[in-house]
Structure formats: C-alpha cells, structure tokens
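Going by the working numbering, the letters in the sequence shown line up with residues 4 to 792, in that order.
Just so it is clear, CB atoms sit at the ideal spot from N, CA and C, and this is done for glycine as well.
Quantities reported herein were computed from a predicted structural model and do not represent experimental measurements.
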Amino acid sequence: MNTAVCLQVRLDSSRLPGKALIKIEDLTIVEHAMRAIGMVDADLRLLLTTEECLDDLAPLAEKWNFIPFAGPKEDVLLRFVQAARKYDIRTVIRATGDNPLVSARMADEVLAEHRKTGADYSNWPDAPLGTGIEIVETSALERALAESSAPYDHEHVTPWIYNNPGKFHLNIHRVPPEYYFTAKVSVDTAEDLDKIRKIFSDLYRNRPTEIDELVNYLKNRTILIPSTVEGNGTGHIKRMISLASKLKGAVSIYIDSRHLERVLPTFPDEIRPLIVSSMEKPETYGRIVVDSRVTSEDFFLQNLQGGNVIAIDEGGPLRRRIPYLIDILPLPERFGKPNISSLSFLDLPERSEPAATGEKILISFGGEDPAGLTTALCRFIEEECEELIDNVTVVLGPQYRGSEPDRAFHILRNPPSLRAVMKESSAVICSYGLTAYEAASLSLPVLLINPSAYHEELSDLSGFASTGVGPEKKSVLERFLKNPRNFPIVRKDFSGPAFSETIESLNPSGRGCPLCGSADFDVEARFEEKTYCRCRNCSMLFMINYAPEKMSYGEEYFFEQYEKQYGKTYIDDFDHLCELAGSRLKMIGRLAAGERKRLLDCGCAYGPFLKKSEQYGYKPFGTDISPDAVEYVSSTLGYKVVQAPFESFYVPEEWDAVEFDVLTMWYVIEHFPDLQPVLKKVNRLVRTGGIFAFSTPSGSGISSLKDRLDFLKLSPDDHYTVWEPELSASFLERYGFRIEKIRVTGHHPERFPSILARSGAGRSLLNLYSHYAGLGDTFEIYARKVKDL
4 MNTAVCLQVR LDSSRLPGKA LIKIEDLTIV EHAMRAIGMV DADLRLLLTT
54 EECLDDLAPL AEKWNFIPFA GPKEDVLLRF VQAARKYDIR TVIRATGDNP
104 LVSARMADEV LAEHRKTGAD YSNWPDAPLG TGIEIVETSA LERALAESSA
154 PYDHEHVTPW IYNNPGKFHL NIHRVPPEYY FTAKVSVDTA EDLDKIRKIF
204 SDLYRNRPTE IDELVNYLKN RTILIPSTVE GNGTGHIKRM ISLASKLKGA
254 VSIYIDSRHL ERVLPTFPDE IRPLIVSSME KPETYGRIVV DSRVTSEDFF
304 LQNLQGGNVI AIDEGGPLRR RIPYLIDILP LPERFGKPNI SSLSFLDLPE
354 RSEPAATGEK ILISFGGEDP AGLTTALCRF IEEECEELID NVTVVLGPQY
404 RGSEPDRAFH ILRNPPSLRA VMKESSAVIC SYGLTAYEAA SLSLPVLLIN
454 PSAYHEELSD LSGFASTGVG PEKKSVLERF LKNPRNFPIV RKDFSGPAFS
504 ETIESLNPSG RGCPLCGSAD FDVEARFEEK TYCRCRNCSM LFMINYAPEK
554 MSYGEEYFFE QYEKQYGKTY IDDFDHLCEL AGSRLKMIGR LAAGERKRLL
604 DCGCAYGPFL KKSEQYGYKP FGTDISPDAV EYVSSTLGYK VVQAPFESFY
654 VPEEWDAVEF DVLTMWYVIE HFPDLQPVLK KVNRLVRTGG IFAFSTPSGS
704 GISSLKDRLD FLKLSPDDHY TVWEPELSAS FLERYGFRIE KIRVTGHHPE
754 RFPSILARSG AGRSLLNLYS HYAGLGDTFE IYARKVKDL
C-alpha cells in the first residue's frame, strides 16, 4: 500500500463524552468526517480507535468503507505505526473524528504538494481549525516512535516531527487566501457543538461543505453590540435590530445578561433568537459592529481588539483605538475624522409629504427618556398652553419609567411604528438624535429639548432649532407649540449607500499587526477603504484594507501599468534594472561571508536580478506569482524558478537546496498582509550567517514628512506595512536577523516644500541634504541571519 487516510477517533472525551456519535443533521459527527475525508485520493481508508470503542465504531466504519483498526489507547503514535506496518502504508493522511467539516479538497491539494516536494511532513495550519489534515511519511512516524519518549509526543502523534526541522523535510506554510480564516470548527465542548449545528443548519445540503463555502460563511459572521446602558435610550438597540434584519449571513446580537430582562421588550419576536449573552474570541467573527455611544475600556480590551471592529457614532476616548469608524450623525471636529460618514445610513421612513392637516404636534424623547423630559414638557403645556393639549400626541417608549402624563393628552405607549405616527403629525418635539432626522426626512418642523450640554452642541452643529439653556427657553417652546410652521424646516441630504450594504462591503484584510500579530494599536489615519495603525507592541505602522481586491501581477502589470508609471515596459527597462541589481549585489558581496553559492530572489519578476547575480558568481533561483514572468525567466533566461506566492512557496526537490546564502525581496515585503509566516520562512530558508536583503518605500522620507495624510492616502492599497529605517532593526531582530547596512534611496529634492526646489542649484543642495538626513522615499536593508527561530 502507498497512501492511506487514517481517521483517529475516540469516544471517551471528558468535555463531551461520546461526541463522535452525536448526530448533526442526518449523520453522526464521525460519519460527517468519514464521508468528507473519504473523498481524498488515497489507496486505503482506516478508522483508528481503541478496543473499548471498536464495537460502537466498527459498523459505522464499514458503512463508509473504512477499515476499523484498534490500537493502544494512550500511545496514539504507536497506534498509527502499528496500522502502517500492518497495511504496508508509506504515506499517512491523518485526520480526527471530531472534525465534521474537514476538507477533502484541501487535503488533496496538500497531498499533491507533499508528493511534489518529497516532504516528510506537510501541513497548512492557517485554515479554520477542524478543516485541515496532516500528511506524514511512515518513516517519520517510525523515527518519532524510536527517538521520543515524551508522553505528549506519543499522544499527539506529530509534534516531535514538526518541532525538529533539522531532522525532517517539512512542508508547512500558510493556506491559499481563499482558505484562510482564524476560527475553530472542531467539536470539543457543548458550546462548540451548538456552533457547528448552526453552521450545518445554514450551509449543509446533504453533502460535505466545501472549504471556500465555509470560509466565506465565517468571514461574513457578524455580531452586533448595541448599548444597553441604562440612560442611553433604545435608539442603539433599534438600529442594530434593523441592521440584523437586513444583513446576509450569520448574524447575532450581543446583550449583556444583566440587562436582558430590561431591554427584551424592545426586540420583535422574530429577532429574539439572534440574541446571545456571551462572545467568542474576536478573531472568530468576520465583523464586530459596536453601537455603544461610549465603549468601556474593560469591554474593549476583552472583546474588541482587532481589525474586524466597526464602531458606529463612537464618542469615547477609545475612538482612536477602534480601526473603522462610521459616523452616521455628525460629531464635533475634536473627535477626529471617521472612515466614512453619511446620513444615508439612518434607517429613515420613505420621503413623503406629511399627511397631517392642522397642527398635530408629536412629542417623543426616545425609548427611555432618562432625563424625564416628557413629564416636564407635559407639565409645561398643562400650565402654559392648556388649549393645545388636544393637538399633542405623546409617545412613551418601551423602557419609559417616568410618571404617566395627564389623560387629556393623546398617549401612545411603545407604538409598533413611530414613523407611522410621525407621518400623521405636522411637527415634532424631541431630543437630538434619530427622531430629529426622521422628522427632517419628512420635511417636518423640529424643536429640540436637550438633556445635556453635549446634546446641545450636537444640535448646533447639525442646524436644528432648540430651546437652548438660557432664559428664553420657555418663550421659544411656547412659540413652537402655538405655530411650529414659523420655524424653519432643516433640509438634509439623505442620499447615499444603504447602511447594511456598507457594513457587508467591509472585509478587513487583517486583524492586527502583520509583524507581531498584536491587535493592540492606535489609529494614525483613516480613509474610506483603509486605516493606518501603529502597533503598540512593536511600533510597526501597518494598513488594514477594508475593500481588498486580489491584485493581478500578470502581463498587464509588467507592461501597461509599469509603462504608465515609468514611461517604458518592464522588458524595455530590463537593462536599467540590471544596473540597479549590480549596485545591490556589490553591497551583498561586501557583506556575504564564505563562498558565494545559492541566491533566491523572491518576487523575481522577469529576472533582471537573477541575470545580474549569475554574473557575480551566484547560482540564482527565483520565485514569483506571475505566470508570464515565470515562463519568461524559465524559458528565455533559463533559470530555475517557481510560480507561487512566497507564503506557499516550497523548494522543489530537484533544486537540491535546503538553505540559501542570500535571499532577496526587492519591493516585495510591503505586499504581505501577514509578515509572521513570511519572516519565519525567510529565517528557515537563509543559512546562519547568510544575507537577507530587501527594499521598500520609506515612512520617514520627504513625501511622508511633507504631508503624512497625503502620503498614506496615495500609498498603494496592496502595501500592508510602512517600514521606517529607524525602527527596522527591532523588527528584524524578532526573526533572527541583525541589520548590517541600511541604504536610503529614492531621493527627490523637487518634493521638498522649499523655494530651493524651484532651481537647479537649489535642488542640488536639497539633494545633498536629503542624502545627509536620510530623507529618500525608499530604502534598502541588508541583514545577516544570526540565529534560527
């Protein structure tokens, strides 16, 4: 036998006993796993269990054409080796029976790569936990069994193998982007089971769910978090209820269990099943939408750190730490700009002329009215304008706790639609907020009575009339009550995209810092489709893109786009690029120790650096994601090259190279949304003492210093990190490299905001100063590997 699927199953889980036999939809968990992984291209399928579980599992195994095999209970590694020996298995595809969403498609792709690379062990670890498999050679399992006596290694089968890269050929790298998402979809606890049942309910179609279907579903999981703080009213809750009813995909609404009883009357019956009172880890959601007015620091630190957090009208000090801000209602300038703001995001009634005839005044101070404005206003009308009582409708919200107004008023308690009531009115009295804008959308006169100076400030900013806080307050109110049509109607532009569509369009490119993985950062700049953040842990400046498009690096990129930027195609510029390569290779030559041998150029494009490096005595190898470029380098230049993203690049067996003396990336490193696997792979590929050289745009150059916002706005949307020379040493130390030389390039004296930039002599002086001060807009780093990770 050559290749076998080996499904490891047990029934004695302490957290969820007998979980493999629990039914989800029409099959047990282990049957879902067998049906899925059984589709992999293998010669044999085994179910590996223990003697105690064999009677329960054997009939199911035979039903799905798996051979049941019983081995040691505690020494699972020995169980695998015994099965491999008995059935003459060379390559093991290892899966576990608590993964009903394991992906056969991904397993086939890993297997094909495993065979091509000649690896001892292969794994794509960044897919959702519970979808992946491991592929391992029996020879590696035999060696692990012989050389490791640690109980952990024998229980978990493969750790000793992947923790000893010097002993084995490992093929471990990030999954393709369409398979990547941080989430757990294996079943270990009752909570896991509930989550998986929900996924099956939404996706299951009597066949195994495809990995791309699952990842797309997970990326669109949205949790909505409205404010339930007493005194904040019900507007935040109602806005999230409306949003939940319109969003596609899996949606839930988080309500603190301490507040649930009080706020539950606000929720329609059909929305109540969406309510949850606990949150999963923030990275498991595609989006977290927070509508809390002022977010508390404790809740933020526990649940809201990451690029997938979107805050609505956030007015607290944590505003600068939340990556994406939507201001529906305008805020004072001191709060700083949001990513996007639009009154079209208000959930407003359809515009129409009011149906009311005569004076019908609506009074509504929200769902709660914590300031008691309803009582105070009704008392004023009774005392000062008694003759108008018949013209007044008073709305009391679901959480109103004040005293009941006089029965002479027309009172509506928690009407099903405030909009319908408003359409029958000729004027509205309320506080600053959604109700005021609803009235404006219906062209109704509005007068605001505000509970705080902050609300009054927002009223002034928005142009609504208010009673103010001075001695004229009563007279303004009386004039409005008697003749509201004498007050101007506030005209607002409510056109624009729908709120739900905008939320669904936001798909963050990452959760946190690409360099260190921290989700603790401060925001430096906001734009509609991207946010620039400074990591609080490592100080890297990075970008989160909320509308990432897959960049194409095909023929058009190297010809049409390159020509637009530089005036000639990449091939036409080839000789010039070779000259640039020469200066870089001279620098590498001064630093490289020992005999010059293997050089790997990552992102080699059409190969100018490879060609020049051969002239300098190196044996060049390349990798690029462009099929056209790889074909040119291979066929025309005759160099060994692989077409693959660097994250999934592997060294072909025929290269006969495990490590390289030099690895280069020229204007490549800024394109990686996650640098951790990239720099770990660079460390693995470069020998100790070898050189890692790369170039990148500078965040400390003259363009950035002259106008930081403009520099970041114009930075390409596929540049996920902004490197700064003065911080780069600490960045590379994390991954085992010591900087030997930084060379600042890209000097542009004409970009200086100085009168000197207007003349040739002045530009010459500025050029000298730019070189002296290191103000070029690009730079090169030459670093030496000093340790393995």
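Spatial neighbours of residue i in its chain, beta-carbon cut-off 7 Å, leaving aside the 5 residues before and after
{"i": "N306", "result": "M282 and P285"}
{"i": "E181", "result": "D215 and V218"}
{"i": "Y569", "result": "D576"}
{"i": "A776", "result": "none"}
{"i": "P335", "result": "E460 and L464"}
{"i": "N770", "result": "H750 and P752"}
{"i": "C9", "result": "L49, L51, F83, A86, V95, I96 and R97"}
Limits of the unbroken beta strand (DSSP E) element including residue i
{"i": "R746", "result": "F740 to T748"}
{"i": "C56", "result": "C56 -> not in any beta strand (DSSP E); alpha helix (DSSP H) instead, spanning E54 to K66."}
{"i": "V665", "result": "F663 to W669"}
{"i": "C538", "result": "K533 to C538"}
{"i": "C9", "result": "T6 to Q11"}
{"i": "K495", "result": "Segment: none, K495 is in no beta strand (DSSP E) and carries neither H nor E."}
{"i": "T639", "result": "Neither: T639 is in no beta strand (DSSP E) and is coded neither H nor E."}
{"i": "L768", "result": "Premise fails: L768 lies in the alpha helix (DSSP H), G763 to A776, not in any beta strand (DSSP E)."}
{"i": "T377", "result": "Note, T377: premise wrong, no beta strand (DSSP E); alpha helix (DSSP H) at L376 to E387."}
{"i": "S367", "result": "I364 to S367"}
{"i": "D2", "result": "The requested residue 2 does not occur in the structure, where the chain is confined to residues 4 to 792."}
{"i": "K622", "result": "K622 to D627"}
When the options are compared against residue i, the one with the closest alpha-carbon
{"i": "Q308", "options": "D525, D156 and A193", "result": "D525"}
{"i": "R200", "options": "L148, D29 and R48", "result": "D29"}
{"i": "A430", "options": "S455, A39 and T396", "result": "T396"}
{"i": "Y90", "options": "P128, W127, R48 and A64", "result": "R48"}
{"i": "R404", "options": "R265, F740, I96 and S189", "result": "R265"}
{"i": "S255", "options": "Y220, V279 and Y619", "result": "V279"}
{"i": "P401", "options": "S542, A411 and F368", "result": "F368"}
{"i": "D301", "options": "P320, F734 and G466", "result": "P320"}
{"i": "S152", "options": "T94, Y207, L80 and L730", "result": "L80"}
{"i": "I138", "options": "E116, G436 and P419", "result": "E116"}
{"i": "G592", "options": "K615, A522, C388 and I175", "result": "K615"}
{"i": "T161", "options": "T225, E783, V84 and H176", "result": "V84"}
{"i": "R108", "options": "I92, G135 and V95", "result": "G135"}
{"i": "T141", "options": "Y207, V113, I96 and S106", "result": "I96"}
{"i": "S651", "options": "E77, I164, M42 and R177", "result": "R177"}
For residue i, the first and last residue of its enclosing alpha helix (DSSP H)
{"i": "P630", "result": "P630 to Y635"}
{"i": "Q305", "result": "E300 to N306"}
{"i": "T237", "result": "No alpha helix (DSSP H) holds T237; DSSP gives it neither H nor E."}
{"i": "M37", "result": "I32 to I40"}
{"i": "R416", "result": "Segment H413 to R416 is the beta strand (DSSP E) holding R416; no alpha helix (DSSP H) there."}
Neighbourhood of residue i by C-beta distance below 8 Å, restricted to the same chain and skipping five residues each side
{"i": "I331", "result": "I315, D316, S344, S345, L346, F348, L349 and F502"}
{"i": "I364", "result": "L391, N394, V395, T396, S428, S429, A430, V431, I432, L484 and P487"}
{"i": "G779", "result": "S701, G704, I705, V747, T748, G749, H750, H751 and S773"}
{"i": "D46", "result": "M4, N5, T6 and A7"}
{"i": "L688", "result": "L603, V654, E662, F663 and L666"}
{"i": "N686", "result": "Y738, G739, F740, K788, D791 and L792"}
{"i": "A358", "result": "Because A358 sits at a pLDDT of 49, beneath the cut-off of 50, its placement in the model cannot be relied upon, and the following sentence gives the value as read from the coordinates. Only K426 and E427 meet the Cβ criterion."}
{"i": "T120", "result": "H172, N174, Y653, V654, P655 and E656"}
{"i": "R766", "result": "P752, E753, L759 and A760"}
Cutoff 6 Å; reference residue i; Cβ partners in own chain excluding five residues on either side
{"i": "L678", "result": "P517 and L518"}
{"i": "Y670", "result": "S698"}
{"i": "K495", "result": "L346 and A443"}
{"i": "T99", "result": "Q11"}
{"i": "Y435", "result": "L451, N453, H458, L461 and S462"}
Residue-chain proximity (residue i, chain C), Cβ-Cβ < 9 Å
{"i": "L47", "result": "Of the protein chains in this structure there is only one, and it is not chain C."}
4-residue-minimum alpha helix (DSSP H) runs that sit fully inside the segment 159-234, ordered along the chain: 162-165, 193-206 and 214-222
Complete runs of the alpha helix (DSSP H) confined to the segment 559-620 [at least 4 residues]: 565-569, 577-594 and 611-618
Alpha helix (DSSP H) runs wholly inside the segment 671-752, at least 4 long, in chain order: 678-688, 705-709, 711-717 and 731-736
Validate contact between the segment 578-585 and the segment 543-551 using beta carbons, cut 8 Å, 3 pairs: no
The segment 504-511 / the segment 686-694 touching (three or more Cβ pairs under 8 Å): no
Minimum length 3: unbroken beta strand (DSSP E) runs contained in the segment 426-471: 430-433 and 449-451
Cβ contact check for the segment 368-384 and the segment 439-451: 3 or more pairs under 8 Å: no
Runs of alpha helix (DSSP H) lying entirely within the segment 242-329, each at least 4 residues, in chain order: 263-266 and 300-306
Sufficient close CB pairs (3 or more, under 8 Å) joining the segment 125-132 to the segment 55-71: no
Touch test, the segment 92-111 against the segment 189-200, Cβ-Cβ under 8 Å, three pairs minimum: yes
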